[in-house]
Amino acid sequence: MDLARLVEEEQPSPGTRCLLYKATNNPTVAIHGSILAGTSSEPSGKSGIAELTTRLFIRGTRRRRAGKIADLLESVGATASFRNSQDSIVFQARMTSQWTKRVLEIVADCLSRPALAPKDVDREREGLLTDIRLRDDDTTRRGMRELSALMYPRGHPYRRDRFGTAETVKGLDRRDVKEYFDGVVARSPVIVAFAGQIKKDEATRWTRQTFGERESNKKFGSKGSADPPSTASRREILMAHKTQSDILIGGMATSRTDPDYEALNLLNAILGELGFMGRLGQRVRDKEGLAYSCSSFLSAGLAGGGWTALAGVNPRNVVKAYELMKEEIGRARTDPVEEQELADAKQNQLGSALMELESTEGVARTSHNLTHFGLGLNYFAKRRQIFGKITREDLQKMAGKYLDDSRLSSVIVGPRAKN
Numbered sequence: 009m010d011l012a013r014l015v016e017e018e019q020p021s022p023g024t025r026c027l028l029y030k031a032t033n034n035p036t037v038a039i040h041g042s043i044l045a046g047t048s049s050e051p052s053g054k055s056g057i058a059e060l061t062t063r064l065f066i067r068g069t070r071r072r073r074a075g076k077i078a079d080l081l082e083s084v085g086a087t088a089s090f091r092n093s094q095d096s097i098v099f100q101a102r103m104t105s106q107w108t109k110r111v112l113e114i115v116a117d118c119l120s121r122p123a124l125a126p127k128d129v130d131r132e133r134e135g136l137l138t139d140i141r142l143r144d145d146d147t148t149r150r151g152m153r154e155l156s157a158l159m160y161p162r163g164h165p166y167r168r169d170r171f172g173t174a175e176t177v178k179g180l181d182r183r184d185v186k187e188y189f190d191g192v193v194a195r196s197p198v199i200v201a202f203a204g205q206i207k208k209d210e211a212t213r214w215t216r217q218t219f220g221e222r223e224s225n226k227k228f229g230s231k232g233s234a235d236p237p238s239t240a241s242r243r244e245i246l247m248a249h250k251t252q253s254d255i256l257i258g259g260m261a262t263s264r265t266d267p268d269y270e271a272l273n274l275l276n277a278i279l280g281e282l283g284f285m286g287r288l289g290q291r292v293r294d295k296e297g298l299a300y301s302c303s304s305f306l307s308a309g310l311a312g313g314g315w316t317a318l319a320g321v322n323p324r325n326v327v328k329a330y331e332l333m334k335e336e337i338g339r340a341r342t343d344p345v346e347e348q349e350l351a352d353a354k355q356n357q358l359g360s361a362l363m364e365l366e367s368t369e370g371v372a373r374t375s376h377n378l379t380h381f382g383l384g385l386n387y388f389a390k391r392r393q394i395f396g397k398i399t400r401e402d403l404q405k406m407a408g409k410y411l412d413d414s415r416l417s418s419v420i421v422g423p424r425a426k427n
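For any residue, its number in this note's numbering is found by taking its place in the sequence shown, counting from 1, and adding 8.
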């Protein structure tokens with residue numbers, strides 16, 4: 009699918025962008041949009057405010073209570089959701105075309121006129137505090153939070169967890185939410201992608217009326233240093249009541265727009281994804297039987313990114329599993345990957361992108377994401393050319409640059425290791 013040819017792009021008002029893929033033979037409409045007001049935009053001392061504000065969108069508007077919103081959506085088989093991420097607040101909706109007007113009206117109401125009622129703020133704050141307690145009692149999520157603190161330098165927006173901390177969230181009230189909504193959410197740039205049976209003027213009019221004018225050149229606050237911490241660290245978190253330990257190894261990587269991204273992403277696929285958890289899974293889990301799971305992932309946003317390898321293991325296997333994980337990561341630095349591994353990784357990435365375009369939701373999400381990162385709607389055509397130039401030596405270079413021991417910190421969470 010040629011997105012550059014099939015997707016129309018408009019700027020309904022300053023600071024807003026509207027993308028439209030018309031599919032007249034598909035009687036559904038999908039929306040995928042974002043407001044550049046996620047966790048990275050939070051003011052100092054208000055960690056968790058973006059998450060709390062986002063949760064309140066579906067809790068009711070000035071015109072409709074939460075129950076009424078749910079009834080209206082369910083009665084026509086439609087869905088709408090709102091979630092916070094590091095960079096943005098993301099909203100999605102799906103409906104049959106005959107109910108487009110009703111559903112768009114509800115989504116607009118939630119995004120532009122949320123009630124932010126005091127009792128709802130109190131209820132959602134308590135729910136968020138519960139989620140924070142659950143997060144901190146989960147070995148994997150606790151480990152991810154601790155690793156981010158080691159991985160990113162002080163002041164970097166990705167060092168923050170989107171849930172915030174119990175201390176900061178307890179201090180948030182309706183005034184904080186209202187100030188964040190009015191001062192950040194209601195002013196930040198917006199991208200909305202539509203796909204399906206919807207007219208261009210309907211999509212652009214809805215975008216303009218819902219969001220008005222926005223700040224066109226918003227920048228994140230201080231990112232801190234662009235370089236990783238000068239020394240790698242290792243931290244062990246004792247959770248004596250747990251029966252499983254988690255091992256996490258990771259470091260700062262690159263943003264989605266960096267020229268290194270595609271080669272590093274292919275390397276990650278080989279290390280921790282392909283063939284059921286990649287080289288890491290095959291060595292630590294399948295061959296040695298030391299882990300319940302062992303994989304890796306690359307996260308990349310507007311302000312940078314990180315690479316993480318993680319394994320869930322029996323506490324008595326922590327030391328050996330950790331050594332094997334480090335060994336596999338080291339092998340990527342010293343030896344080029346096999347030609348077949350590289351070919352498989354390229355085909356996997358190209359095929360996954362094509363499969364994403366099989367549905368209206370996938371088209372909306374993909375066109376939105378390409379625009380969000382400034383990659384251009386013709387990126388998939390360029391990507392094939394980029395892949396054609398990436399060699400085994402390029403992946404080895406990425407391993408040396410981003411997966412060197414001096415850049416990688418480690419966190420082990422669980423009961424005391426048993427030998």
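In this text, a Cβ means the ideal position worked out from N, Cα and C, and glycines have one as well.
Could you give the residue range of the beta strand (DSSP E) that holds residue i?
i: VAL321; result: 313-321
i: SER417; result: 417-422
i: SER301; result: 301-308
i: ALA8; result: The first residue shown for the chain is 9 and the last is 427, placing residue 8 beyond what the model contains.
i: ARG242; result: 242-246
i: LEU29; result: According to the sequence provided, residue 29 is Tyr. The question's Leu does not apply to it. That run of the beta strand (DSSP E) goes 24-30.
Ordered along the chain, which non-local residues of its own chain (more than five positions away) have a Cβ less than 6 Å from that of residue i?
i: GLN404; result: PRO344
i: PRO197; result: GLY23, LEU44, ARG222 and LYS226
i: THR36; result: THR104, GLY204 and THR368
i: VAL98; result: SER42 and ARG91
i: GLN100; result: HIS40 and SER89
Within 10 angstroms of the Cβ of residue i, are there 16 or more other Cβ atoms? Answer buried if so, exposed if not.
i: PHE65; result: buried
i: ASP209; result: exposed
i: ASN92; result: buried
i: PRO122; result: buried
i: PRO20; result: buried
i: GLY229; result: Legend: pLDDT at GLY229 = 44, less than 50; position of this residue unreliable, no value from coordinates given.
i: HIS249; result: exposed
i: ASP184; result: buried
i: GLY422; result: buried
i: GLN217; result: exposed
i: PHE284; result: exposed
Quick one: residues in its chain with C-beta nearer than 8 Å to the C-beta of residue i, no 5 flanking neighbours on either side, listed in chain order?
i: ASP146; result: none
i: VAL177; result: SER55, GLY56, LEU60, ARG133, LEU136, LEU137, ILE140 and PHE171
Could you name the residues that DSSP lists as bridge partners for residue i?
i: PHE99; result: GLY41 and PHE90
i: MET159; result: For MET159, which the question treats as bridged, DSSP gives no partner whatsoever.
i: GLY75; result: In DSSP, GLY75 forms no bridge with anything.
i: MET260; result: GLY314
i: ILE255; result: ALA319 and ILE420
Whose C-beta lies closer than 7 Å to the C-beta of residue i among residues of the same chain, with five residues either side of it excluded?
i: ALA329; result: ILE255, VAL292, LEU298, ALA299, ALA319 and VAL321
i: ALA240; result: ASP413, SER414, ARG415, LEU416 and SER417
i: GLU18; result: CYS26 and THR212
i: ALA353; result: LEU274, ALA277, ILE278 and LEU282
Considering Cα atoms alone, identify which of the options is closest to residue i.
i: ILE140; options: PRO267, THR218, ARG153 and LEU272; result: ARG153
i: PHE395; options: ASP268, ARG339 and TYR29; result: ASP268
i: SER360; options: ASN325, ILE420, LEU274 and THR342; result: LEU274
i: PHE305; options: GLY370, THR262, GLU16 and ASP190; result: THR262
i: ALA194; options: MET159, PHE202, SER156 and SER120; result: SER120
i: THR108; options: ALA125, CYS118, ASP128 and ALA86; result: ALA86
i: GLN393; options: ALA271, MET159, ARG424 and TYR188; result: ALA271
May I ask which residues mark the beginning and end of the alpha helix (DSSP H) holding residue i?
i: LEU120; result: This sequence places Ser at residue 120; Leu is not what is there. First-last of the alpha helix (DSSP H) with SER120: 108-120.
i: GLU369; result: 368-380
i: GLY280; result: 269-280
i: LEU137; result: 126-144
i: VAL326; result: 326-342
i: VAL84; result: Where VAL84 is concerned, there is no enclosing alpha helix (DSSP H), given that its DSSP letter is neither H nor E.
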